[in-house]
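Notes follow the structure.
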Amino acid sequence: MPDTIERIAILTEEGLRAISSAKTESDLLDAKGRYFGKKGAISEILKNVASLALEDRKRVGASANEARSNLEASFARRLGEIREKGRRAREGFEQIDVTLPGRGPRLGHRHPISWTMSEIIAIFQRLGFSIRGGPEIEKDYYNFEALNIPKDHPARDMQDTFYLDWPGGDLVLRTHTSPIQIRAMETMRPPVRVIAPGAVYRCDSDITHSPMFHQVEGFAVDRTITMADLKGLLTEFCRMMFGESNPLRFRPSFFPFTEPSAEVDIRCVICGGSGCRVCKDSGWLEILGCGMIDPAVYGFVGYDPEEYTGFAFGMGVERIAMLRHGISDIRLFFENDPRFLSQF
Amino acid sequence: MKVLYTWLKEFVDTRLSPREIQDALTMAGVEVSSCRYLGEGMEDVVVSRILGVDPHPNAEKLSLCRVTDGKGEYRIVCGARNMKAGDVVALARAGARLPNGMQIGKAKIRGQVSEGMLCSEQELGLAEESPGIMILQADTEVGNPLAPAIGMDDWLLTIEITPNRGDCLSVLGVAREVAAITGEQVVLPEASFAETGPPIGEIASVAVTHTDLCPRYSARVITDVTIVPSPPLIQRRLALCGVRPINNIVDITNYLLLELGQPMHAFDLDRLAGNRIDVRTSGIPRTFTTLDGTAREIQSGMLLIWDAEGPVAVAGVMGGENTEVLGGTSRILFESAHFAPASIRSTARRLGLSSESSYRFERGVDPSGTMYATDRAVALLSGFADFKVASGSFDIGGDGEYRRAIPFRPARATRVIGRDYSDRECTDVFSRLGFPVNDTGEGPWKITVPAHRFDIEREIDLIEEIARLNGYDTIPTTYPESGAPDFSRDDLFAAEVERASEFLRTEGFSQAINFSFVSGREWEKHGSLLGFDSSDAMRLSNPISEEATMMRPHLLMGLLHNVETSIRRFVDDVRMFEVGKAFGKSFLEGHFEEPRLAFVLYGRRMPGNWSMGADPVDFYDAKGVTESILRLLGCESIHFIPSLSRPFLEPGKSSEIGKSGDVIGWVGAVRRELLSALEIPGPAYYAEIRIQEAMSSLRAVQYRAIQKFPPVFRDIACIFPLGVPVGDVLAMIRALSPEIREVEVFDVFTGEKIGTGRKSVAFRVRIQAEDRTLTDAEVHSIHTKIVNLLENRFGGSIRTS
Ligand SMILES: [Zn+2]
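First to last, the protein sequences are chains A and B. For the working numbering, count along the first sequence from 1 and bump the result up by 10. For the working numbering, count along the second sequence from 1 and bump the result up by 232.
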């Protein structure tokens, strides 16, 4: 602790010297940044004061504050001198108004959905996943049947499906990106690690549901993949997407094509967990669904379920974008109002 | 689905509080989306008795009530008409706060003091509307808090059941789930009664033709019953769980549906032709009226319940109008059956008719519980109604074996989940679930799964039970194979820099890569012009050549040499950028090294463009590109400060870029002396950005609601002294009023017309309010504020055209 006080004294002296020897405004700002700016050495000391014992906290705090006000006074004095000198020096030059806006391209804006989607994709690409696509007009077989959702099964109620007016009647607009799992596994042998982004459709429309929206699906199959691996991967993903310290939890749930299944909740980014309208007072926000690929699915693609295990996960891009940007009405995404787009 | 805490406690006497149940169930996969205390807001309301009702002396429509809560006597002014002396009522005394937020105070109403309020059901949040105040049962004890007196000292859990867990669509099912979590015991209530009526076979008959679609059909008959409303407890529980009370018979079937998850149907036995039941599919399409009064188009293959003459119910979906229990009904046949899920779902879907009953049958109803449910119904009913129970019962398919034996390997659970599960942990879970385990010591275990768990058919289903009931939070977080890559800010940094680079390439800049070491000799030759004392530079002790002796303190010289080379190769328009590091000695850390993005701009603004002329680039071109880069790096609220700080830039034509006190870069014309030293004939512009400082605020953009009210635009032209910084003018106009949304400069000129030493600047201002359309007067007042600012603060004079 006495070390800290001594260090403050040394820093003050160094800082004062740097200020008085500054020849230009930027030298001066450099000195401020190093010693008493927001990330300066003295500010760092002040930031860490809270961890000290009460008695020490008072002494160090007082000493650091005094040092800072000393330095600030000296800074202001020197700034005046330099500016005055500058004004005198500039009088001899031709001057333009550098504060006038620049000339140049008017930048366009990213759509927040594609922004969020490309960030999600980038994270999984870094984690070793490759991209696969699939058709949006999909066969009933891929969208349901092969994902262990037979006809006349209540699980079909989980998604309101658009059907195409087509002979045979087995074409649907895909209700999720999961059919890409089947299509990819039909043509690949393990190990596979695939991410599948794209538009999906459900017959539903209100402020949190849009008839067209976007998902990112991901899955991995290999000899030794476990649910613990799934937890590890998604924990890493959430850390990168929502920040280092935001807690998350895995909660058992149900999807016909995974077992065991889970939903992942993150600590509510709006209220921090104390409960609000967005998280319906639970303090948690559901962010994605996942699970171990159901052995029944392997039956459809000819993988041996005793030999291979794998996981799959899927998330709604709009939902994540809404949370990141504080957007409460999903319909805004599809109105393409320039006043909306220009904010991103 | 809704479940009452007190009802749940009848099946499992759990130590968990309602909130704890909410958390525990949610974390076991049965999501409890809300948990509401029903007596909320009734804490301050007491059961009271009206002693007398007198007319209000000054108001015809009001009454003066004298009320007692057993201790004191209160005078209450009341606007309702449905009360009389002796009635037991709900009294909110002054100071109370009601569920709807209403604060009760002592008030004088038309000259009469009122010491509180007599509450209606609506005010207490018990009904959508109510005709008068709430009148309680006459025997309710006066002086007690209201909530327990009316059964509202309870909690209502709202549970979201996934399609695989049809077994949880009942109080019993949820109780089993609680028991599986806590290890507590589920208790099935007694269901016994005396059979005092005639033998059932003498008054009714039951047959099942299609046993594949109806594996079990249980029934009992009661006679001599009177149809009346159910007692309050039954009615209240039904209503709170979303079912409308009708009469004692219909209510008891609905009560059992909610309690045991067994849909039941009550037929008026005397309206069943031939007093008989047959379960079989419809052979031909026909029309049938269900008890909601709708004529349904029955297709062939749909499973129906028939009497001797025709259909009387759509099996498992809805009963028929023709055999409905009515006021005069006295003999009832209770049906409690198990129907095949797919058949019910298909019928319900084709009829477009989903009922509480079909919803449960689709998801699977416990075939082993049908008989118990009828017995429980009769037993419960006997507690509040008089009737005779026919002796015996029908139970077709009652001898079926509905349990399944499934192989299970603990090692497989470990392999799928990635956590070691001991034999003990596995047997514990199975025992809490009530799944008997048979471990012979050889080969997989055999787990016997009771009939109600429709979702458990395979080993993986058992593994899921092990995982969820041991808690997902006990599963470790590992990473497939090679271990988790450790990403940092650097990854993000790389991506953002790549975006800015892509932009520069699109804008016609080529990327240069120069050596990090520069010539110390050259540096010394230019002396202070380079703005960095060479003694502050990091030097190499064994340079590869005389031209590469020190680490560059900024990126200018490399790019400037690139321009020089280009010109010598007859390329007269140069746009180049470089991403690289600057190095030097520093006060604190000893030395620094810092990533920078720099570009140089030389020649014509639009080379090779026939329509735009051959104007040379100027400061504002360089500034425009710089602003774009900063925006791409997510850098906001920056300002440009005229300065002399960088000697390598022309004073008067260069600027520092500031962001909350930090310098994050500089932009300007390259100093003439340097250009001539390198024999570069025309002006060159240069900018350098300290990337990390510029990027330091990395928060997702927060969306601000779009303005709904129309904007007003105002153009203002003003003549200023030449030295007035237009950027400052813009900033101060914006700060004048929150209604000023945008200020744009659309014209600047100097010239004889306005006199030397002066410039004319034209602004366009967008004025818009968040919550209203602005009036002319408001717009005018804002306009006046702007004009005053321009004239008084900046010495401007407004041009009128
Ligand atoms: Zn919240």
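No residue lacks a Cβ here, since even glycine has one placed at the ideal position from N, Cα and C. These figures come from a predicted structure and were not determined experimentally.
- The straight-line gap separating the alpha-carbon atoms of F747 of chain B and L792 of chain B is approximately 13 Å.
- A residue is called buried when at least 16 other Cβ atoms come within 10 angstroms of its Cβ; M782 of chain B meets this threshold and is buried.
- Inclusion of I280 of chain A in the 7 Å shell around ligand 1 follows from its C-beta lying nearer than that to a non-hydrogen atom of the ligand.
- Counted as a single uninterrupted DSSP element, the beta strand (DSSP E) harbouring T680 of chain B occupies residues W677 to V681.
- With the rule of 3 Cβ pairs closer than 8 Å, the stretch 880 to 897 of chain B counts as touching the stretch 26 to 43 of chain A.
- Nearest to Q169 of chain A by C-alpha distance, out of A:R93, A:F154 and A:I123, is A:F154.
- Below 8 Å, too few C-beta pairs join the stretch 241 to 251 of chain A and the stretch 381 to 392 of chain B to call them touching: fewer than three.
- Beyond the five residues adjoining it in sequence on each side, R508 of chain B comes within less than 8 Å, by CB distance, of A436, S437, V438, A439, D539 and A540 in the same chain, given in chain order.
- The shortest C-alpha to C-alpha distance from A165 of chain A to any of B:E263, B:S908 and B:R595 is the one to B:R595.
- Bounds of the alpha helix (DSSP H) holding H1012 of chain B are D1008 to N1020.
- Nearest neighbour of G675 of chain B by Cα position, chosen from B:K1017, B:L736 and B:P642, turns out to be B:P642.
- Taking all protein chains shown into account, F802 of chain B has fewer than 16 neighbouring C-beta atoms within 10 Å of its C-beta and is therefore exposed.
- Here the C-alpha atom of I516 of chain B lies approximately 8 Å from the C-alpha atom of I530 of chain B.
- For the alpha helix (DSSP H) assignment, the uninterrupted runs of no fewer than 4 residues enclosed by the stretch 931 to 985 of chain B are, from N- to C-terminal side, 958 to 968.
- Going by DSSP, K241 of chain B is part of the alpha helix (DSSP H) stretching over Y237 to K241.
- Assigned with DSSP and collapsed to three states, H219 of chain A falls in strand.
- For R685 of chain B, there are no C-beta contacts with chain A under 7 Å, since the nearest C-beta of that chain is about 14 Å from it.
- E1023 of chain B sits away from F995 of chain B, with the two beta carbons spaced by 8 Å or more.
- Rounded to whole angstroms, the Cβ separation of R313 of chain B and G348 of chain B is 19 Å, and the two are not in contact under 8 Å.
- Taking the C-beta atoms as reference points, T706 of chain B is found no nearer than 8 Å to S562 of chain B.
- Chain A has a Cβ within less than 8 Å of the Cβ of T258 of chain B.
- Judged by DSSP secondary structure, C310 of chain B falls within the beta strand (DSSP E) whose first and last residues are E305 to C310.
- Inside the stretch 367 to 403 of chain B, DSSP marks whole beta strand (DSSP E) runs of 3 or more residues at positions 387 to 392, from first to last along the chain.
- Ranked by Cα distance from P305 of chain A, the first of A:I340, A:V231, A:D347 and A:G299 is A:V231.
- Shown here, F154 of chain A sits in coil according to DSSP, grouped into three states, outside any helix or strand.
- Secondary structure note for R349 of chain A: its alpha helix (DSSP H) is the uninterrupted segment P348 to L351.
- Under the DSSP assignment, T268 of chain A falls in the beta strand (DSSP E) whose first and last residues are T268 to R277.
- Cβ contact annotation for I679 of chain B (same chain, cutoff 8 Å, sequence separation greater than five): A637, I638, P639, F640, F662, F667, P668, V669, N670 and L694, in chain order.
- Between L294 of chain B and I367 of chain B the beta-carbon gap is near 18 Å, outside 8 Å, which marks them as no contact.
- One finds nothing in chain B with a Cβ atom closer than 7 Å to the Cβ of G299 of chain A; even the nearest lies about 11 Å away.
- Sequence-ordered contacts of the stretch 233 to 264 of chain A with chain B read T234, I235, T236, M237, A238, D239, K241, G242, L243, T245, E246, M250, R259, F260, R261, P262, S263 and F264 [C-beta pairs closer than 8 Å].
- Between E739 of chain B and chain A, the shortest Cβ-Cβ separation is below 8 Å.
- A distance below 7 Å between beta-carbons, with the five flanking residues on each side excluded, links A423 of chain B to the following residues of its chain, in chain order: Y604, D607, R608 and A611.
- Of all residues in the stretch 623 to 654 of chain B, only R647, V648, I649, G650 and R651 place a beta-carbon less than 8 Å from a beta-carbon of chain A.
- A distance criterion of 7 Å places the beta-carbon of G293 of chain A in contact range of ligand 1, judged by its closest non-hydrogen atom.
- In this structure P431 of chain B does not touch S578 of chain B by the C-beta definition: roughly 38 Å separates them, more than the 8 Å allowed.
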